[in-house]
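In terms of full-length UniProt numbering, the sequence shown opens at residue 1 and continues consecutively. One structure is given here, and the rest of the page talks about it.
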Amino acid sequence: FDREGMGPSWLFLMVLGCVCVEISVPHQSMTPLDESDEGSGLISMHTSVEMHHNNSHVSKDVTVFYHVYLPYPHRDPTQRILQEQVEMIEKSPIYHHIKAVKYTTIHIPVDLHPFCKKCHLVDHYPKGYEMKTLQHVYEHCVAHPTERVVYIHTKGTFHNSLGNKVFRRALMRSVLSEECYKARGKFGCNTCGFRYSPLPHPHFPGDMFAADCEYVSKLIPPNRASRRISVASHHVFGISKAPQKVPHRSGYGVGRYAAEFWIAT
């Protein structure tokens with residue numbers, strides 16, 4: 001599906017429970033949206049489509065970035081989620097490719113190193129959202145453009161429901177799968193996840209993904225992207241005219257929900 005001149009272009013394929021996507025960003029032209037925005041007040045626009053299959057068979061190092069949000073201290077369900085996710089990482093078929101699991105903690109600090117040998121704390125924030133960790137993903141990829149990253153988060157620690165439990169496990173299995181790791185070589189994809197949706201913006205529902213750093217390094221830095229995505233949503237969908245509690249407001253990428261749309265910008 002080619003939206004030349006209107007945004008990212010993509011090709012997506014379903015492979016064994018995961019979706020791999022080629023999002024083309026050959027170059028960026030910048031179009032003003034809001035002069036009050038931080039920096040130049042611009043959002044990136046992509047104007048052509050290319051498929052790249054270079055380095056498709058090269059084995060790449062993987063760094064996992066883990067966004068850890070614990071709303072309550074010493075709650076058994078949240079501790080079980082941490083243990084479950086670490087166990088899934090260590091038992092994944094790509095574990096031997098993973099050189100580090102870099103995690104950030106939000107609100108409640110936690111030390112994962114005692115039960116996660118490859119875990120290294122990157123930063124702790126008293127408050128904040130996923131863009132904090134995604135900024136570290138971006139900076140890593142700028143410094144290491146030939147590597148690959150996996151992004152995961154503690155889905156379910158705030159709303160610990162059966163639905164979130166099932167969804168979290170499906171997301172984890174996909175981004176840590178051999179299929180996602182080899183997607184570049186098999187299908188020419190630079191991003192991969194459990195499910196990909198082009199509506200209302202291109203994104204991976206659940207916001208877990210595997211991606212080539214070559215692609216990630218071309219995106220707008222997360223610390224500037226959140227406001228831009230929100231502004232774009234207001235322009236396109238007229239959200240500013242909608243009631244503050246309109247149903248499914250989160251699905252339009254407004255405020256903290258912009259993080260879910262960043263990887264496909």
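Beta carbons are placed, not taken as given, at the ideal position from N, Cα and C, and that holds for glycine.
Buried or exposed for residue i, going by 16 or more other Cβ atoms inside 10 Å?
| i | result |
| --- | --- |
| L96 | In the sequence under discussion, the amino acid at residue 96 is His, which differs from the Leu named in the question. So H96 counts as exposed. |
| I263 | buried |
| A210 | buried |
| L199 | exposed |
| A143 | exposed |
| V216 | buried |
| N55 | In this prediction, N55 has a pLDDT of 47, which is less than 50 and means its spatial position is unreliable; what the coordinates show is noted afterwards. By the 10 Å Cβ count, N55 comes out exposed. |
| T78 | buried |
| V101 | buried |
| V64 | buried |
| E178 | exposed |
| K132 | buried |
Going by C-alpha distance, which of the options is nearest residue i?
| i | options | result |
| --- | --- | --- |
| C180 | K165, K132, P145 and Y151 | Y151 |
| P126 | P145, G188 and I108 | I108 |
| G206 | E214, L219, S174 and R148 | S174 |
| Y138 | E22, F115 and N223 | N223 |
| E84 | L121, C116 and E178 | C116 |
| D212 | C192, E260, Y257 and I220 | C192 |
| M172 | E147, V86 and H113 | V86 |
| V110 | A100, D123 and K118 | D123 |
| G156 | F261, P71 and L134 | P71 |
| R195 | K186, R80, A170 and R184 | A170 |
| R168 | H203, I81, A259 and A225 | I81 |
| M88 | T105, Y66 and G185 | Y66 |
Would you give the residue range spanned by the alpha helix (DSSP H) that residue i belongs to?
| i | result |
| --- | --- |
| A100 | Where A100 is concerned, there is no enclosing alpha helix (DSSP H), although the beta strand (DSSP E) it sits in stretches over I98 to H107. |
| T63 | Run containing T63: none in the alpha helix (DSSP H); it sits in the beta strand (DSSP E), V62 to L70. |
| P77 | D76 to E90 |
| K165 | L162 to V175 |
| N259 | Here the sequence assigns Ala to residue 259, which means Asn is not the residue at that position. Segment A259 to W262, the alpha helix (DSSP H) holding A259. |
Which partner residues of residue i appear in the DSSP bridge assignment?
| i | result |
| --- | --- |
| D123 | T104 |
Just curious, the beta strand (DSSP E) that residue i is in, first and last residue?
| i | result |
| --- | --- |
| T154 | Note, T154: premise wrong, no beta strand (DSSP E); not H, not E. |
Enumerate, from N- to C-terminal direction, the unbroken alpha helix (DSSP H) stretches of 4 or more residues contained entirely within the segment 126 to 150. Here the runs fully enclosed are 131 to 143.
Scan the segment 181 to 213 and note each continuous alpha helix (DSSP H) run of 4 residues or more that stays entirely inside, going in chain order. At a cut-off of 4 residues, the continuous stretches assigned as alpha helix (DSSP H) that sit fully inside the segment 181 to 213 are 183 to 187.
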